[in-house]
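Residues 10 to 394 in the working numbering are what the sequence shown spells out, letter by letter. Every residue gets a Cβ at the ideal spot worked out from N, C-alpha and C, and that includes glycine. Below you'll find the structure, written out as structure tokens, and then a few comments.
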Amino acid sequence: MKTSPKGFLTIILTVWAAALLVATYVRFEKLDKSNSTKFDSRTTIFISIASYRDVQCAYTLLDAYKNAKHPERVFAGIVQQNDAMRDSDCLSAPIDRTKDAELLIKYKDNMRIHRVDHNIAKGPTWARHLVIDKLFRGEDFVFQIDSHSRFVPNWDELLVENVSELPPKSAISHYPSVWDPVEHKDKLPPDYNKSIARMCKGFYNPEGILQPVCGLMSLLQRKSVPAHIAGAGMTFYPGSVHKDMDMDPHLPYLFQGEELLFTMRMISKGYKVYSPRENYVFHYYGRQKHAKFFDLVDAAKENQRLQSLQRAKYIMGIIDKSDLTDPKTSLIEIEKYNIDWSNELVKKRMDHYFKMFGMDLRQQKMGDFCGQDDLSKWPRWDVKL
């Protein structure tokens, strides 16, 4: 029996489609099961930075690109909140690092910046919303860090390998270990590969917000374990998060509560948070005499901060609508940014999250895993949820 040209073309297209389907299936099966998925030639990373008058910002960018295995596939989005007359620009090479200035030139097309006058800045949660809203271009992964960070060599490839060992929709986060410019200068801490900080317990601050506590643990077991909160200074997560949920722009001056809120919104969408298996980035804590976000909150802005705090607590289910001082202000566009507690699957995800970590946000309870060195005995995510 003869086959017409049209019929022959149909057969070819059918076979091609079947092959493509099988290839796609194999690719995702490999991603789900692989113990060491390599940095794919198309994989892209978006570094999310909210910088407030930070002299370390340019150094952070230089260090990120200098230590990346594939800097051409690393993109940076910076919301810079500076005093233009007094502060150095994040994209200007520091005077003492002119030898590295070519990095800022070579990868300038990979760096996106949104400049805001420091007088109209509204805190870190608001700034991180701007980073995603104005600068994110759908990269495969987002690497949220602070603008005073340092990186291990090949950090980009190592992070992708780490997350590829985990179930789909996994994020990696912790509070990075200490880097100090006086003590360590341009080098990493000498013992950085011996121990790691893991999210393992927490405490409730006077405003009723759970804040994470890390325990320093040996790196003899290089393995990721579940974490109950994604730390703002280091979270590596799939870019698909921002297809599944928008960053809330209605949280001016919110500081404490930002991390827990972001974590819970991710979990409600089916994502899971893990500590990293090893150190990839380091953080300059303290920063004495440096300008900081929370310096913004004077008496006139305190009311906005409290409204943001109430909004966050309402979304997280800590308080009810009747507890809000000004519901009209606190609940602007709430249906867009709220956790859908009435959804059965969402409720299962959140119940599982609270139970596995011994958390009760209303009763202010939290489990403690800091003394558990046997990682096999840590809580386990139900990856079916």
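Item to check | Sequence-distant residues of the same chain with beta carbon closer than 8 Å to K232, five excluded per side | outcome: In the sequence shown, residue 232 corresponds to position 223, counting from 1. Here the set comprises R286 and L384.
Checklist entry - Where DSSP assigns a beta bridge to V222, which residues make up the other side? => result Mapped onto the sequence shown, residue 222 falls at position 213. DSSP lists K210 as partners of V222.
Item to check | M365 - containing alpha helix (DSSP H), residue span | outcome: For the purposes of this step, residue 365 is taken as residue 356 along the sequence shown, with counting starting at 1. Looking at the DSSP string, the run of the alpha helix (DSSP H) that includes M365 is E353 to M365.
Item to check | Given P221 as reference, the closest of T272, K194 and I276 once Cα atoms are compared | outcome: In the sequence shown, counting from the first residue as 1, residue 221 sits at position 212. That would be T272, whose Cα lies nearest to the Cα of P221.
Next on the checklist: Taking a contact to mean a Cβ-Cβ separation below 8 Å, would you say V151 touches Y246 in this structure?
Outcome noted: As a first step, residue 151 must be located in the sequence shown, where it is residue number 142. As a first step, residue 246 must be located in the sequence shown, where it is residue number 237. Result yes, Cβ atoms of V151 and Y246 sit closer than 8 Å.
Item to check | Segment limits, beta strand (DSSP E) that includes D189 | outcome: The residue given as residue 189 occupies position 180 in the sequence shown. No beta strand (DSSP E) contains D189, which DSSP labels as neither H nor E.
Checklist entry - Where do the N-terminal and C-terminal ends of the alpha helix (DSSP H) with F271 fall, by residue? => result Counting from one through the sequence shown, the residue named residue 271 turns up at place 262. Where F271 is concerned, the enclosing alpha helix (DSSP H) stretches over E267 to S277.
Checklist entry - If we count the other Cβ atoms within 10 Å of its Cβ and call it buried at 16 or more, is N288 buried or exposed? => result Residue numbering aside, residue 288 sits at position 279 when the sequence shown is read from its first letter. N288 is buried by the Cβ-count criterion.
Next on the checklist: Nearest by alpha-carbon distance to P177: which of V169, Y184 and H183 is it?
Outcome noted: In the sequence shown, the residue the question calls residue 177 occupies position 168. Nearest of V169, Y184 and H183 to P177, Cα basis: V169.
Checklist entry - By the 10 Å Cβ neighbour count, where 16 or more other Cβ atoms means buried, how is K131 classified, buried or exposed? => result The count along the sequence shown starts at 1 and reaches residue 131 at position 122. Buried.
Item to check | Within 8 Å, strictly: CB atoms of K278 and D257 | outcome: Here residue 278 is taken as the residue at index 269 of the sequence shown, counted from 1. Here residue 257 is taken as the residue at index 248 of the sequence shown, counted from 1. Contact flag unset, no.
Item to check | Candidates Y280, A67 and V83: closest to S50 by CA position | outcome: On the sequence shown, residue 50 is found 41 positions in, with the first residue counted as 1. Among Y280, A67 and V83, the Cα nearest to that of S50 belongs to V83.
Next on the checklist: Rounding to the nearest angstrom, what Cα-Cα distance links I348 and L354 in this structure?
Outcome noted: Here the question's residue 348 lines up with position 339 in the sequence shown. Here the question's residue 354 lines up with position 345 in the sequence shown. Taking the straight line from one Cα to the other gives about 12 Å.
Checklist entry - Which residue or residues does DSSP assign as beta-bridge partners of R124? => result Your numbering for residue 124 matches position 115 in the sequence shown. DSSP links R124 through a beta bridge to Q89.
Item to check | Cutoff 8 Å: P80 Cβ touching any chain C Cβ | outcome: Among the chains of the structure shown, chain C does not appear; only one protein chain is present.
Checklist entry - Per the contact definition of three or more C-beta pairs closer than 8 Å, is the segment 53 to 73 in contact with the segment 90 to 107? => result Output reads yes: the segment 53 to 73 touches the segment 90 to 107.
Checklist entry - From which residue to which residue does the alpha helix (DSSP H) around P336 run? => result Locating residue 336 in the sequence shown gives position 327, counting from the first residue. Unbroken alpha helix (DSSP H) run through P336: P336 to S339.
Checklist entry - Taking one C-beta from the segment 138 to 152 and one from the segment 187 to 200 each time, how about it: are there three or more such pairs within less than 8 Å? => result They do not touch, by the three-pair rule.
Item to check | H251 - containing alpha helix (DSSP H), residue span | outcome: Residue numbering aside, residue 251 sits at position 242 when the sequence shown is read from its first letter. Unbroken alpha helix (DSSP H) run through H251: V250 to D253.
Checklist entry - Is the CB-CB distance between D391 and K210 below 8 Å? => result Within the sequence shown, the letter at position 382 stands for residue 391. Within the sequence shown, the letter at position 201 stands for residue 210. Annotated as distal: D391 and K210, with beta-carbon spacing of 8 Å or more.
Checklist entry - How big is the Cα-Cα spacing for T191 and Y293? => result Sequence index remark: in the sequence shown, residue 191 carries index 182 (1-based). Sequence index remark: in the sequence shown, residue 293 carries index 284 (1-based). Looking at the sequence shown, residue 191 is not Thr but Val. Near 10 Å, if we compare the C-alpha coordinates of Y293 and V191.
Checklist entry - So the alpha helix (DSSP H) Y323 belongs to, where does it begin and stop? => result Sequence index remark: in the sequence shown, residue 323 carries index 314 (1-based). A308 to I324 is the span of the alpha helix (DSSP H), which, as asked, contains Y323.
Checklist entry - Three-state secondary structure (DSSP) at R106? => result Numbered from its first residue, the sequence shown carries residue 106 at position 97. Note: R106 maps to helix in three-state DSSP.
Checklist entry - Can you tell me whether DSSP reads A180 as helix, strand or coil? => result Start at 1 with the first residue of the sequence shown, and residue 180 comes out as number 171. Per DSSP, reduced to three states, the secondary structure at A180 is strand.
Item to check | From S351, H138 and D360, residue whose alpha carbon lies closest to that of L263 | outcome: Indexing the sequence shown from 1 puts residue 263 at position 254. It is H138 whose Cα lies nearest to the Cα of L263.
Checklist entry - Smallest Cα separation from I218: which of Y74, M325 and T338? => result Position 209 of the sequence shown, counted from the start, is the residue given in the question as residue 218. In terms of CA proximity to I218, M325 leads the group Y74, M325 and T338.
Next on the checklist: Alpha carbons only, please: which of Y283, E81, R124 and C223 is nearest the one belonging to L411?
Outcome noted: The structure shown has nothing for residue 411, since the chain only spans 10 to 394.
Next on the checklist: At the level of alpha carbons, what is the spacing between I328 and E216?
Outcome noted: As a first step, residue 328 must be located in the sequence shown, where it is residue number 319. As a first step, residue 216 must be located in the sequence shown, where it is residue number 207. Rounded to the nearest angstrom, the two C-alpha atoms are 12 Å apart.
Next on the checklist: DSSP three-state label for D63, please.
Outcome noted: To locate residue 63, count along the sequence shown from 1; it is residue 54. Here D63 sits in coil by DSSP.
Checklist entry - Using DSSP with H/G/I as helix, E/B as strand and the rest coil, what is V140? => result Here residue 140 refers to the residue found at position 131 of the sequence shown. Reduced to three states, the DSSP call for V140 is helix.
Next on the checklist: Rounded to whole angstroms, what is the Cα-Cα separation between R358 and I276?
Outcome noted: Taking the sequence shown and counting its residues from 1, one reaches residue 358 at position 349. Taking the sequence shown and counting its residues from 1, one reaches residue 276 at position 267. Each residue's Cα considered, the two are about 7 Å apart.
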